[in-house]
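Take a look at the structure set out below.
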Amino acid sequence: PLSFGMIGLMLLYVLPEFAKFYDGFEEELPFFTSMVLSLADMLRSNGVYILVAIVALIIFFQWWKKSDSGARSLARFLFNVPLVGNLLHKYQLSQVFHSLSVMLSGGMPLLSCLEDLRNSASNPLISDGLSHATQAVREGESLTESFKDTILDTDLSLEMIQVGENTGSLPEMLFNVADFYDEEVKNQTEGLLSLLEPALLLFMALIVASLLFAMYYPIFN
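For the numbering used here, add 133 to where a residue sits in the sequence shown, where the first one is 1.
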């Protein structure tokens, strides 16, 4: 926020002062400086309209993501975002398997567990997968078979669930899968943040340096 505030201050207040100073120049300003000054002038002249447009977009986005089609499209998009999508998928699987493990350990029937999880799932794609699994189990399929070809289908989860069903230790295996995904999410999140922080700082530094260059280049030229 501080970096964005500094950039906004430079665009809205500092650059216009330099523009007044450069008005006395007889020489034509460099292209980059002229472009930045035009951007600053556009933001100052249309700031209210831009703010209204941003607020309108936020309101529309909030309405859209609450609709059934919007929620599904957003969930599908997030799952396909590089790095973030894989992380979100593992987190969602961890939540499902943790809850299913706790419910089964408490003595609830498998079908009731799946129905409760389906009704409480916040992600529509996860809800669809649980709905398919619920119907398959109701028709006599095993949990392993019911998860196949759904968003809940991963090599690790199916192998561990199959072992759990064959050995009568399904709650324990589900807990192990969830614990494994929790650890993966933690490690990947830490790695992603370690890359994101310096990248963001570098990006903001380049923007500030570019604005400073645009302001002072005509003087040194």
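Where is the CB? At the ideal position from N, CA and C, for every residue including glycine. Bear in mind the structure is a predicted one, so any value in this text is a computation, not a measurement.
Whole-Å CB distance - residue i paired with residue j, under 8 Å assumed
i      : j      : result
Leu226 : Leu250 : With 8 Å as the limit, Leu226 and Leu250 do not qualify as a contact, their Cβ atoms being about 12 Å apart.
Phe280 : Leu291 : 6 Å
Leu237 : Pro304 : 4 Å
Met254 : Leu263 : A small fix is needed here, since residue 254 is Ala in this sequence, not Met. Yes, Ala254 and Leu263 are in contact; Cβ-Cβ is about 6 Å, under 8 Å.
Ile192 : Val341 : Their Cβ separation, rounded to whole angstroms, is 31 Å, which puts Ile192 and Val341 out of contact at 8 Å.
Ala347 : Phe165 : 5 Å
Ala173 : Leu145 : 7 Å
Which of helix, strand or coil DSSP assigns to residue i
i      : result
Glu305 : helix
Ala254 : coil
Glu161 : coil
Lys223 : helix
Ile340 : helix
Bounding residues of the alpha helix (DSSP H) (the contiguous stretch that carries residue i)
i      : result
Glu272 : First-last for Glu272: undefined, no H or E at that position.
Thr166 : Phe164 to Ser178
Gly297 : Asp288 to Thr300
Glu150 : Leu148 to Tyr155
Val214 : It is not in any alpha helix (DSSP H) - Val214 carries neither H nor E in the DSSP assignment.
Chain-order list of residues whose beta-carbon lies under 7 Å from that of residue i (same chain, five-residue window excluded)
i      : result
Ala208 : Asn256, Pro257 and Leu258
Arg271 : Leu244
Cut-off 6 Å between Cβ atoms - residues of its own chain near residue i, not counting five sequence neighbours on either side
i      : result
His231 : Ala311
Met293 : Met306 and Val310
Asn252 : none
Beta-carbon proximity list for residue i, same chain, < 8 Å, skipping 5 on both sides
i      : result
Leu211 : Val217, Gly218 and Leu221
Leu285 : Leu226, Val229, Ile259, Gly262, Leu263 and Ala266
Any chain C beta carbon closer than 8 Å to residue i
i      : result
Ser202 : This model lacks chain C altogether, as it is built from one protein chain only.
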